[in-house]
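Asker: Oh and the sequence shown: position 66 is 67 in the working numbering, straight run, nothing missing. Where is the CB? At the ideal position from N, CA and C, for every residue including glycine. Have a look at this one.
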Amino acid sequence: MVGDGHRRAGTSLRAAQDAAGVPAGFWTGRGLPAVGLAAGDVVTERQAALLIGEGRHPDADRIEHERLAAGDDPAKARRATVLGRPIEHNQSPATEKAKERSPWLAMDLVFRAPSTAQIAWALCDDKHRMVLELCQDIARDKTLAWLEEAVAEIRWGSGGKHRAPIRDGLIVGVFRHYESRARESRPLLHDHAVVSIRARRPDGKWGNWYQDRMLAHIVAAGTLYSLYFMEEVSARLGWAWEPREVTAGKRPVMEIAGIDWRLIGWQSTRRQQIADALPAIVADYEATQGHPPGERAAYALGQQAADRTRPPKRKDPRSLTELRELWRKSAIRAYGADVIDQLAERARAAAAAVWARVRPTVDIALAAVDVAAVVYVMRGAFKRHHLLAEARRHLAYVLRGRPHQPGLDEQIVQSAVDEYTRPASRRMMTADLRALYPDDTEDQAVLRPLTRARTKSPYERARLAAGGLTARAHAVRRADRLNSRTRPHIVAVPATPSPKPRPDRTGRNRALATDVATVEQNRRTFETAAAEMAARLQDGIRERAAARRPRPQPATTPPRTQQPVQPAPGRTTPTGGVT
């Protein structure tokens, strides 16, 4: 609540926030009216202590005083201020496994912009800084609204047998921070959205919303926030986005085009600190376990490196104005004033190049193939929210900041579920290989080894598989288009009957199950016809050239005007192209 500053004992929350140079927190969420709060109200220290610290009404002091004045005993008066189950229930000896339980009263969701956006926010002028902060606000609020509407649900009853969407909405306290924990202060604009776990059931009673469902959709929420942030920045500043590979073989991240990537190393000093400490931790693991770490173990070791290199909080308070001056001087010393002063201009110039090169169009059918292939290779068995997160990554890469139609991500997911998945268990699904890899032995011989190339990272294998499937879908579409198009009268193409599509398990015909042999047959037919037509054109050119030569005349014959040469019947003069 006070950023990375140090709060001395006896100092009020607002005074500590002013000294630390961070703004006061504020309330947001559709559940505020149920507890007498309004969006934009400042989060006071007592409200946070009651709601987030004890799970009680933020105005519990007044309610308890009124109950005591009405004659209630202290225990009953206090119980009237509790939203749901009191936290003392978790600490009671009568509670099963009481010592293993701890009250969970809030969840901290952190909204952080990409590195190049952090650089532009810190080093550009105040106009660009305010626009980027507005983009941060809009993207954060839209993501929280999606969590309220589509994700948050509440359970009650024995074993949580009753489930329903929350009645009002979430109660969220937002706290904005400006810098990272690096030893040298570095810009890191991010918001901590502290979501209270208390919510109301449809019958009006208070309880806890379902934490596991919220945790399962965290990645999907993060990709949605990134998508919204990119769209707002592109719409308001005219900047575009391009992928950047942070680690070889890993998933790339989207960054603002035109901003010098060298500045990312200046901004992300914590990443270098972790990278420097990681080799020693990995060596200890290999010496203990006798083998290199796998993917999960490598992630856990990275967390250990982050914890070991985590510096203490800064104790000297600085305002945002002081921080921006410090950051600008540091960046100019490292890369020069020309690079820093022209950040916005170069971003606009790079955006024009990106928009000229990239077509911001989304093909739902091809996107469904790509999403299903990537998620299958990365996870094997998956759920709907895994497809949703990948669909939003696909939109971010294809659109590069252009706005997407609302619900387009859900359409891609639904198409992938309907066409390319099958049940794997009661709660999981997996890819339908008969749909992704139709009965074409050539495709299976090419694609399946790519998904099992263990020398490559999972994401590299996923992109190889998705690229192969997308190329095959393009080939099938091209074959269908050529079969249905009217042929020119010069080129005689034998009519090839379209193969009968193979119905899937639901009885629908799959357009992607067209025989690939049709494509090869059409290609050979057109190549032969083109060669014949080219030979005929060459013969006609030679005949007309011979006809235009002047004929020798006898010396005694008076000169006469030569008549124009007419082309041979049935031929026309070529105009520079194949009809």
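1) For Asp74, count neighbouring Cβ atoms within 10 angstroms of its own Cβ and tell me buried if that reaches 16, exposed if not.
2) Put Ser458 into one of helix, strand or coil per three-state DSSP.
3) Once the 5 residues before and after Tyr179 are set aside, which same chain residues still bring their CB inside 8 Å of it?
4) What three-state label does DSSP hand Leu190 in the structure shown?
5) Could you compute how far the alpha carbon of Leu400 sits from the alpha carbon of Ile365?
6) Between Ala382, Arg141, Phe383, Asp419, which has its C-alpha nearest Asp192's C-alpha?
7) Taking the beta carbon of Glu391 as the centre, do at least 16 other beta carbons fall within 10 Å, making it buried, or is it exposed?
8) On the three-state DSSP scale, how would you describe Glu256?
9) Is there contact here, the stretch 119-133 with the stretch 335-348, by at least three beta-carbon pairs under 8 Å?
10) Is Arg478 near the ligand ZN - that is, is its Cβ less than 7 Å away from at least one heavy atom of it?
11) Beta-carbon within less than 7 Å of Ala432's beta-carbon, same chain only, minus the 5 sequence neighbours each way: which residues are those?
12) Helix, strand or coil: which one does DSSP assign to Tyr286?
13) If you run the structure through DSSP and keep just helix, strand and coil, what is Pro500?
14) Cβ of Leu110 within 8 Å of Cβ of Gly30?
15) Here's a check: name, in chain order, each residue in its chain whose Cβ is nearer than 7 Å to the Cβ of Trp210, leaving out the five neighbours to either side.
16) Between which two residues does the alpha helix (DSSP H) harbouring Asp109 extend?
17) Since Val175 contacts Gly26 with CB under 8 Å, what's their CB separation in whole angstroms?
18) For Ala466, does the count of other Cβ atoms within 10 angstroms reach 16, so buried, or fall short, so exposed?
19) Quick one: residues in its chain with C-beta nearer than 7 Å to the C-beta of Ala463, no 5 flanking neighbours on either side, listed in chain order?
20) If we ignore side chains and look at the alpha-carbon of each, how far apart do Trp242 and Ala278 end up?
21) Check Gly41 in the structure and name its three-state DSSP category.
22) Can you check DSSP and say which residues form a bridge with Glu180?
23) Which word fits Gly469, buried or exposed, when buried means at least 16 other C-beta atoms lie within 10 angstroms of its C-beta?
24) Using DSSP with H/G/I as helix, E/B as strand and the rest coil, what is Glu391?
25) At a cut of 8 Å, does the stretch 255-264 reach the stretch 227-244 through at least three beta carbon pairs?
26) How should Trp122 be labelled, buried or exposed, when 16 other C-beta atoms within 10 angstroms of its C-beta is the threshold for buried?
27) Kindly indicate which three-state DSSP category Thr144 falls into: helix, strand or coil?
28) Pick helix, strand or coil for Ile120, following the three-state DSSP scheme.
29) Starting from Thr322, trace the beta strand (DSSP E) in both directions and tell me its first and last residue.
30) How far does the alpha helix (DSSP H) with His292 in it reach, from first residue to last?
31) I'd like the list of long-range same chain contacts for Leu264, defined as Cβ closer than 7 Å, with 5 residues on each side in sequence excluded.
32) Among all the DSSP beta bridges, which residues are the ones paired with His129?
33) By DSSP, does Ile155 sit in helix, in strand, or in coil?
34) Please list, in chain order, all residues of the same chain as Val234 whose beta carbon is under 6 Å from its beta carbon, the five residues on each side excluded.
35) Between the Cα of Arg245 and those of Ala299, Ala397, Ala353, Arg358, spot the shortest distance and give me the residue it belongs to.
36) Taking only the alpha-carbon atoms, compute the straight-line gap between Gln212 and Arg349 and give it to the nearest angstrom.
Answerer: Quick look at the numbers:
1) exposed
2) coil
3) Gly4, Gly22, Val23, Pro188, Leu189, Leu190, Leu321, Leu324
4) strand
5) 13 Å
6) Arg141
7) buried
8) strand
9) yes
10) The ligand content of the structure shown is nil, which means the ligand ZN is not present either.
11) Ala373, Tyr377, Tyr421, Thr422
12) helix
13) Confidence at Pro500 is low in this model, with a pLDDT of 41, below 50, so the placement of that residue should be treated as unreliable; the coordinate-derived value is given next. The answer is coil: DSSP assigns Pro500 none of H, G, I, E or B.
14) no
15) Ala153, Glu154, Ile155, Ile167, Ile198, Ala200
16) It is not in any alpha helix (DSSP H) - Asp109 instead sits in the beta strand (DSSP E) that spans 107-113.
17) 6 Å
18) buried
19) Ala374, Val375, Val378, Met379
20) 32 Å
21) coil
22) Pro188
23) buried
24) helix
25) yes
26) buried
27) helix
28) helix
29) Here Thr322 belongs to no beta strand (DSSP E); instead the alpha helix (DSSP H) covers 321-336.
30) Where His292 is concerned, there is no enclosing alpha helix (DSSP H), given that its DSSP letter is neither H nor E.
31) Ile120, Ala332, Tyr336
32) Its beta-bridge partners do not exist; DSSP assigns none.
33) strand
34) Cys136, Trp240
35) Ala397
36) 42 Å
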